[in-house]
Amino acid sequence: MTTLVLVETDADGVVEVSRETLTFARGLGDDVAALVCGDGPSGLVDQLGAYGVSSVLHADGDAFTSYCAAAWAAAVVSAAGDASVVMAAGTPRGMEVLAHVACRLDATMAANVVEISRDGSALVVARQVLGGSAMEDLRLDGPVAVMTVAGHACEATPAEVNTSPVVEPLDVPVSAQDLRARVVRTEAGEPDESGSLKSARVVVGAGRGAGSADGFKDLLELTELLDNAALGVSRVVTSLGWRPHHEQVGQTGSRVAPELYVAAGISGAIQHWSGMSSSKIILAINTDADAPMVTKAHYAVIGDLHEVVPAINEELRRRR
Amino acid sequence: MTNVLVCIKRVPDLGGEIQLTADSMAVDDSGLGHTVSPHEEAAVELAISIARDTGGEATVLTLGSDDAVEQLRNALALGCTAALRIDADAAAFGPADVARAIAETVREQEAAGTTYELVLVGSDASDTGDFQVGIRLAYLLDRPVVAGISTISVQADTVVARGSAPDGGAEVFELPLPAVVTVMEGGVEPRYPSIPGRMKAKKVPVQEGTPSFEPVGNGRLGLRLPEPAPSQVTILGNGADAAPAVVDLMEKLGVTR
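Chains as they are written, first to last, in my numbering: chain E, 857 to 1176; chain V, -10 to 246.
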């Protein structure tokens, strides 16, 4: 039996989450085939070999010069053959393409899978629901199971034995209908606005306790006084228009895992917790000693952030 | 004129802790308020602004019990002008079932003379996180679809949709109408309901229908919560007096400048 993995690439080769997915796929014990759509960077095949891939299928041509989910899905279906499992990383693209694939193969799709096992001919998977705060056990019947693998479901680990996969060009039938929704142009982002947040060593998080749009001065000063620190906010802060959306941390914002997360005036609702629970050390500053953020934190200060944060800033300046 | 149908789902408004029902098949939402996913709030906002800009109507749809009328009324208060409820137990409907029931409703409405050139759904519901209803719906309706979009404009028979690219930039799609688009929050600020909006919303009739089929479900065996870790919090102090202890910690972690 074979597991087919749709692999995403960037200029450096296979992206981290796709490496995780290849590792996760190997755990099932079947042969792993990889599908690449569009131009692949040089060295890609060697990278896939290091992850124990038995064959590499390559979809190329006019339909793959700019991203088109339906064309990618057509390639997955062509590549799937008699594969019993089709996987992709749980990225926006992975989700979109595999949802198309599930429609084309008349299969169920499970999003954000973190565990997988076989029960006779069926697969039993566990996947993240409720923003990652609960798991759903799910039985997938049918000849082929389609799933995306949640980020960090496992650590990306090269195979014990390298393979030398052969690259097979795929002939993909892409219809004019498939191409109705494709990228017509790309725009360079503002120099990746949320990038500094995701790579920060310290995230100073602020919630409703900031009080107003003017309530962030001390918090921003704290980010200046710390090494590689950025401001992150809870959803209520962006909903109220106090801070821009690209600063949002949570289920529907950025996911961060800094060395220190300072949660100032954040109660710790699941929406926010989903985005920062992987932080190494969490320091809560809250007036409510029973707030979920306080009980789940490693360290806490009980008090109003507008008194505590200026005092921290003062102490930091004093010790310089 | 673009008529927009926007699909929403009533979900529990989770605080800091989740409780499961005794059979572990669902979240115990007794005592919790309810809401819709942030992605759906953005979709409602886009539906209303597109309908207003083009002189069309924004219709809101949900699949759920009578309780879900609360979420329909909220969308009406914001500026949707019609509401549809597919009367069904949302928990028994898997994502393929939901798409099928919505497709059925869209066809029924078309047969009755109301067409929706654009159908908007959230990228995923905040409870089940399936990431597929919109795409399944598009296949059933044979329409083009694009997922994870944050801003939309309609120009003649084309919808121009903009979303994030994997490299942090933006990708722009142009789809011929009629189309389906799945929305991610972040591109628009959802508006707040006005008092007159709330008053008007109470008077709008909610049109109801039932699916013609039995749902397949999604194969759920049960839900599990991670073991709650016992609290290991160290209280560094109260108020401003805690500052030296906080800075000691920051120095120990090596994060000061």
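Where a beta carbon is used, it is the ideal one built from N, C-alpha and C, also for glycine.
As the structure is a computational prediction, the values presented were derived from the model and not from experiment.
Expected contact under 8 Å - CB spacing of GLY1067 of chain E and SER1090 of chain E to nearest Å
Reading the first sequence from its first residue, position 211 is the one you call residue 1067 of chain E. Reading the first sequence from its first residue, position 234 is the one you call residue 1090 of chain E. Their Cβ separation, rounded to whole angstroms, is 13 Å, which puts GLY1067 of chain E and SER1090 of chain E out of contact at 8 Å.
Which whole-angstrom value is the C-beta distance of VAL0 of chain V and THR24 of chain V, which I expect to be below 8 Å?
As a position in the second sequence, residue 0 of chain V is number 11, starting the count at 1. As a position in the second sequence, residue 24 of chain V is number 35, starting the count at 1. Going by Cβ atoms, the distance from VAL0 of chain V to THR24 of chain V rounds to 6 Å, so yes, they are a contact pair.
For TYR923 of chain E, count neighbouring C-beta atoms within 10 Å of its own C-beta (all shown protein chains included) and say buried if the count is 16 or more, exposed if not.
Residue numbering aside, residue 923 of chain E sits at position 67 when the first sequence is read from its first letter. Answer is buried; the Cβ neighbour count reaches 16.
Mapping DSSP to helix, strand and coil, what is GLN1033 of chain E?
Counting from one through the first sequence, the residue named residue 1033 of chain E turns up at place 177. Coil.
In this structure, how does DSSP classify THR94 of chain V when only helix, strand and coil are distinguished?
Working through the second sequence from its first residue, we reach residue 94 of chain V at position 105. Three-state DSSP puts THR94 of chain V in a helix.
Using the Cβ count rule (16 or more neighbours within 10 Å means buried), how would you classify VAL1002 of chain E?
Translated into the one-based positions of the first sequence, residue 1002 of chain E becomes position 146. Buried.
Separation of LEU164 of chain V from ALA929 of chain E, as counted between CA atoms
On the first sequence, residue 929 of chain E is found 73 positions in, with the first residue counted as 1. On the second sequence, residue 164 of chain V is found 175 positions in, with the first residue counted as 1. For ALA929 of chain E and LEU164 of chain V, the distance between alpha carbons rounds to 18 Å.
Step through the CB atoms of chain V and report whether any lies within less than 7 Å of the CB of LEU1082 of chain E.
In the first sequence, residue 1082 of chain E corresponds to position 226, counting from 1. Yes - at least one Cβ of chain V is within 7 Å of the one on LEU1082 of chain E.
Apart from the five residues on each side of it in sequence, which residues of its chain come closer than 6 Å, Cβ to Cβ, to GLY68 of chain V?
Counting from one through the second sequence, the residue named residue 68 of chain V turns up at place 79. Counting only Cβ-Cβ distances below 6 Å, and skipping sequence neighbours, we find ILE37.
With 7 Å as the threshold, decide whether the Cβ of PHE120 of chain V is near any Cβ in chain E.
Along the second sequence, read from residue 1 onward, the residue named residue 120 of chain V stands at position 131. Yes, its Cβ sits closer than 7 Å to a Cβ of chain E.
Below 9 Å on C-beta distance, what does LEU1139 of chain E contact in chain V?
In the first sequence, counting from the first residue as 1, residue 1139 of chain E sits at position 283. LEU225, VAL235, LEU238, MET239, listed in chain order.
Following the continuous alpha helix (DSSP H) through VAL871 of chain E, name the residue where it begins and the one where it ends.
Along the first sequence, one-based indexing puts residue 871 of chain E at 15. For VAL871 of chain E, no alpha helix (DSSP H) encloses it, and the DSSP letter there is neither H nor E.
My guess is that LYS(-2) of chain V and GLU29 of chain V are in contact by the Cβ rule of under 8 Å, so how many angstroms apart are they, rounded?
By 1-based counting over the second sequence, the position of residue -2 of chain V is 9. By 1-based counting over the second sequence, the position of residue 29 of chain V is 40. Contact flag correct, Cβ pair sits at about 7 Å.
On the DSSP bridge list, what partners appear for CYS893 of chain E?
Working through the first sequence from its first residue, we reach residue 893 of chain E at position 37. In the DSSP output, where bridge partners are listed per residue, CYS893 of chain E has E:ALA915.
Alpha carbon of THR1004 of chain E to alpha carbon of ASP230 of chain V, nearest angstrom
By 1-based counting over the first sequence, the position of residue 1004 of chain E is 148. By 1-based counting over the second sequence, the position of residue 230 of chain V is 241. Roughly 48 Å between the two C-alpha positions.
Rounded distance between the beta-carbons of ILE1168 of chain E and VAL235 of chain V, thought under 8 Å:
Here residue 235 of chain V corresponds to residue number 246 of the second sequence, with the count starting at 1. Here residue 1168 of chain E corresponds to residue number 312 of the first sequence, with the count starting at 1. Indeed, because the Cβ distance is near 5 Å, the residues count as touching under 8 Å.
If contacts are defined as beta-carbon pairs under 8 Å, then ALA90 of chain V and PRO200 of chain V qualify, I think. What distance do you get, rounded to the angstrom?
Here the question's residue 90 of chain V lines up with position 101 in the second sequence. Here the question's residue 200 of chain V lines up with position 211 in the second sequence. Your pair ALA90 of chain V and PRO200 of chain V checks out as a contact, with CB atoms roughly 4 Å apart and the cut at 8 Å.
Going by DSSP, what residues sit across from LEU212 of chain V in a beta bridge?
Here residue 212 of chain V refers to the residue found at position 223 of the second sequence. According to DSSP, which records beta bridges pairwise, LEU212 of chain V is partnered with E:GLU992.
Straight-line CA distance for GLN1104 of chain E to ARG1111 of chain E?
Looking up residue 1104 of chain E in the first sequence gives position 248. Looking up residue 1111 of chain E in the first sequence gives position 255. Looking at the two C-alpha atoms, the distance is approximately 9 Å.
Does TYR181 of chain V pass the burial test, meaning 16 or more other C-beta atoms within 10 Å, or should it be called exposed?
By one-based count along the second sequence, residue 181 of chain V stands at place 192. When all chains shown are included, TYR181 of chain V counts as exposed.
Own chain, CB closer than 6 Å to VAL1030 of chain E, minus 5 neighbours either side, in chain order
Stepping through the first sequence from its first residue, residue 1030 of chain E is reached at position 174. Counting only Cβ-Cβ distances below 6 Å, and skipping sequence neighbours, we find ALA919, ALA927, ALA930.
Distance between GLU876 of chain E and ASP1034 of chain E (C-alpha atoms, nearest Å)
Against the first sequence, residue 1034 of chain E aligns to sequence position 178. Against the first sequence, residue 876 of chain E aligns to sequence position 20. The straight-line gap from Cα to Cα measures roughly 29 Å.
Cβ of ALA145 of chain V within 7 Å of any chain E Cβ:
Start at 1 with the first residue of the second sequence, and residue 145 of chain V comes out as number 156. Output row for ALA145 of chain V: interface = no.
Taking all protein chains shown into account, do 16 or more other C-beta atoms lie within 10 angstroms of the C-beta of LYS192 of chain V, making it buried, or fewer, making it exposed?
On the second sequence, position 203 is the one that residue 192 of chain V refers to. With fewer than 16 Cβ atoms within 10 Å of its Cβ, LYS192 of chain V is classed as exposed.
Would you check if the segment 887 to 901 of chain E and the segment 972 to 982 of chain E touch, i.e. whether three or more CB-CB distances between them fall below 8 Å?
no
Do GLU160 of chain V and VAL969 of chain E come within 7 Å of each other at the CB atom, strictly closer than that value?
Residue numbering aside, residue 969 of chain E sits at position 113 when the first sequence is read from its first letter. Residue numbering aside, residue 160 of chain V sits at position 171 when the second sequence is read from its first letter. Not closer than 7 Å, so no.
Any idea which residues DSSP pairs ALA1085 of chain E with across the strands?
Indexing the first sequence from 1 puts residue 1085 of chain E at position 229. Partner(s): E:VAL1058.
Neighbour-count burial assignment, GLY123 of chain V, 16 or more Cβ in a 10 Å radius:
Residue numbering aside, residue 123 of chain V sits at position 134 when the second sequence is read from its first letter. By the 10 Å Cβ count, GLY123 of chain V comes out buried.
Shortest alpha-carbon distance to LEU129 of chain V belongs to which of V:PRO84, V:GLY211, V:LEU21, V:ALA40?
For this step, residue 129 of chain V is matched to residue 140 along the second sequence. Selected option, being the one with the closest Cα: V:PRO84.
Within chain V, partners of ARG1064 of chain E - CB distance below 7 Å
Reading the first sequence from its first residue, position 208 is the one you call residue 1064 of chain E. Going along chain V, no residue has its Cβ under 7 Å from ARG1064 of chain E, so there is no contact; the nearest lies around 13 Å.
Coil, strand or helix - ASP237 of chain V by DSSP
For the purposes of this step, residue 237 of chain V is taken as residue 248 along the second sequence, with counting starting at 1. If DSSP states are grouped into helix, strand and coil, ASP237 of chain V belongs with the helices.
Inter-residue spacing [alpha-carbon to alpha-carbon] between VAL863 of chain E and HIS1154 of chain E
In the first sequence, residue 863 of chain E corresponds to position 7, counting from 1. In the first sequence, residue 1154 of chain E corresponds to position 298, counting from 1. Rounded to whole angstroms, VAL863 of chain E to HIS1154 of chain E spans 37 Å at the Cα level.
Do LEU994 of chain E and VAL985 of chain E count as a contact pair if the criterion is CB distance below 7 Å?
Residue numbering aside, residue 985 of chain E sits at position 129 when the first sequence is read from its first letter. Residue numbering aside, residue 994 of chain E sits at position 138 when the first sequence is read from its first letter. No, the pair does not count as a contact, with Cβ atoms beyond the cut-off.
Going by the beta-carbon positions, is the gap between ARG62 of chain V and ALA145 of chain V smaller than 7 Å?
Locating residue 62 of chain V in the second sequence gives position 73, where the first residue counts as 1. Locating residue 145 of chain V in the second sequence gives position 156, where the first residue counts as 1. Result no, Cβ atoms of ARG62 of chain V and ALA145 of chain V do not sit closer than 7 Å.
Start-to-end residues for the beta strand (DSSP E) that takes in ALA150 of chain V:
As a working mapping, residue 150 of chain V is identified with position 161 in the second sequence. Per DSSP, ALA150 of chain V is one residue of the beta strand (DSSP E) stretching across 147 to 153.
Same chain, Cβ closer than 6 Å to THR964 of chain E, five either side skipped, listed in chain order:
Here residue 964 of chain E refers to the residue found at position 108 when the first sequence is read from its first residue. So the list reads LEU996, once near-sequence residues are dropped.
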